[in-house]
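S.K.:
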Amino acid sequence: MNPSYDLFANTVAQLLERIQVACVAAGRLPGSVKLMAVTKTLGPEAPFWAARAGLGLVGENRVQEAVGKRPAAESLLKSAGVPLPHWELIGHLQSNKCKLATQYFDRVQSVESEKLIMLLNRISGESGRKLPILLQINAGRDPAKFGADIENAPALCECALNATHLRLEGLMTIAPLSDDPSVAERTFANLATIRDELQRRFSIQLPELSMGMSGDFPLAIKHGSTLVRVGTALYGSRDTAHPDAIR
24 MNPSYDLFAN
34 TVAQLLERIQ
44 VACVAAGRLP
54 GSVKLMAVTK
64 TLGPEAPFWA
74 ARAGLGLVGE
84 NRVQEAVGKR
94 PAAESLLKSA
104 GVPLPHWELI
114 GHLQSNKCKL
124 ATQYFDRVQS
134 VESEKLIMLL
144 NRISGESGRK
154 LPILLQINAG
164 RDPAKFGADI
174 ENAPALCECA
184 LNATHLRLEG
194 LMTIAPLSDD
204 PSVAERTFAN
214 LATIRDELQR
224 RFSIQLPELS
234 MGMSGDFPLA
244 IKHGSTLVRV
254 GTALYGSRDT
264 AHPDAIR
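Everything in the sequence shown is counted per this note's numbering, starting at 24 for the first residue and increasing by one.
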């Protein structure tokens, strides 16, 4: 067995344990939070390792990168007899990439505008599928981040609920970059509040809260995250992460 993969599998186990500890500290069931492997800029070995280690979710930031990577990774997985993971787009989606996004991703987390909702709905309808989505909300009010403004969340939610070929499953956010942990904590608390308000307003369930990354996922779990998106803590720095194995 590849010793680099052994190290990776051990890292996965340690992260899952940290997630469990954070769940217990928050008074939540340990199995209530999923770990997504973020494989942006890495080769097809990265999602292959993730699925081989038992992680069922792979996150990519760029549509075009997934176009080449997903088929290559799935070829490796099928050869090894490993179950295929669920691929999700977590990066900014340009309107001209919507068709490819519906072809290469099982869910799109980064839906931030009514324009994207209408495009994805039309394309999904043409292909005869119902595409799962999350609404990306800029819950930290960070001008450097994508996502809908907090005030626009109700209108965006209503638009998504009226899109017959989309299935709205929850919300996503990215905390602002800051050395102050309270900045991330406020962001996560904001998203949880927004989700609760939307559920009451529209009498719906939005079970997924995708929030928390390598440096802040315990805080996200504290505030109800159901899915943490982790890249660096799994693979190391993109400049040094197992270069021989996964680039």
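We put the CB at the ideal spot given by N, CA and C, even for glycine.
1) Just verifying my parser: in three-state terms, what is the DSSP assignment at Leu-100?
2) If we require 3 or more residues per run, which beta strand (DSSP E) segments fall completely within the stretch 66 to 135?
3) Using the beta-carbon count (16 or more within 10 Å), is Val-44 buried or exposed?
4) Looking at Arg-190 and Pro-166, is the spacing between their C-beta atoms short of 7 Å?
5) What's the gap between the Cα of Gly-238 and the Cα of Ser-201?
6) Between Ala-74 and Val-105, which are expected to be in contact by the criterion C-beta below 8 Å, what is the C-beta distance as a whole number of angstroms?
7) Can you give me the Cβ contacts of Arg-224 inside the same chain, cut-off strictly under 7 Å, excluding the 5 residues immediately before and after it?
8) So, does the CB of Ser-27 fall closer than 7 Å to a CB anywhere in chain B?
9) Quick check on Asp-267: buried or exposed, where buried means 16 or more other Cβ atoms within 10 Å of its Cβ?
10) With 16 other CB atoms within 10 Å as the buried threshold, where does Glu-220 fall?
11) Starting from the C-beta of Thr-255, find all residues in its chain whose C-beta is less than 6 Å away, skip the five residues before and the five after it, and write them out in chain order.
12) What residues are listed by DSSP as bridge partners for Pro-155?
13) What residues in its chain sit with their C-beta under 6 Å from that of Lys-153, if we drop five residues either side in the sequence?
14) Less than 8 Å between C-beta atoms, sequence neighbours within five positions excluded: which residues of the same chain meet that for Ile-217?
15) Evaluate contact between the stretch 136 to 150 and the stretch 108 to 115, counting only Cβ atoms and requiring at least three cross-stretch pairs below 8 Å.
16) When you compare each of Leu-184, His-246, Pro-70 to Glu-208 by their alpha carbons, which one comes out closest?
M.R.: Straight from the coordinates:
1) Taking the sequence shown and counting its residues from 1, the one referred to as residue 100 is at position 77. If DSSP states are grouped into helix, strand and coil, Leu-100 belongs with the helices.
2) Taking 3 residues as the shortest admissible run, the stretch 66 to 135 contains the following complete beta strand (DSSP E) segments, listed from N- to C-terminal end: 80 to 83, 109 to 112, 130 to 134.
3) By 1-based counting over the sequence shown, the position of residue 44 is 21. Exposed: under 16 other Cβ atoms inside 10 Å.
4) In the sequence shown, counting from the first residue as 1, residue 166 sits at position 143. In the sequence shown, counting from the first residue as 1, residue 190 sits at position 167. Pairing Pro-166 with Arg-190 gives a Cβ-Cβ distance that is not under 7 Å.
5) For this step, residue 238 is matched to residue 215 along the sequence shown. For this step, residue 201 is matched to residue 178 along the sequence shown. Looking at the two C-alpha atoms, the distance is approximately 10 Å.
6) Numbered from 1 along the sequence shown, position 51 holds the residue referred to as residue 74. Numbered from 1 along the sequence shown, position 82 holds the residue referred to as residue 105. About 5 Å; that satisfies the 8 Å criterion.
7) The residue given as residue 224 occupies position 201 in the sequence shown. Around Arg-224: Pro-177.
8) Protein chains in the displayed structure number just one, and chain B is not present.
9) Locating residue 267 in the sequence shown gives position 244, counting from the first residue. Because Asp-267 sits at a pLDDT of 39, beneath the cut-off of 50, its placement in the model cannot be relied upon, and the following sentence gives the value as read from the coordinates. Exposed: under 16 other Cβ atoms inside 10 Å.
10) As a working note, residue 220 is residue 197 in the sequence shown. Classification for Glu-220: exposed.
11) For the purposes of this step, residue 255 is taken as residue 232 along the sequence shown, with counting starting at 1. Correct list, in chain order: Ser-237.
12) To locate residue 155, count along the sequence shown from 1; it is residue 132. Pro-155 is bridged to Arg-190.
13) As a working note, residue 153 is residue 130 in the sequence shown. If we look at Lys-153 and ignore the five residues flanking it on each side, its Cβ neighbours are His-188, Arg-190.
14) Translated into positions along the sequence shown, residue 217 becomes position 194. The answer, listed in chain order, is Ile-160, Ala-162, Ile-173, Ala-176, Leu-194.
15) no
16) Along the sequence shown, one-based indexing puts residue 208 at 185. Residue His-246 is the option with its Cα nearest to Glu-208.
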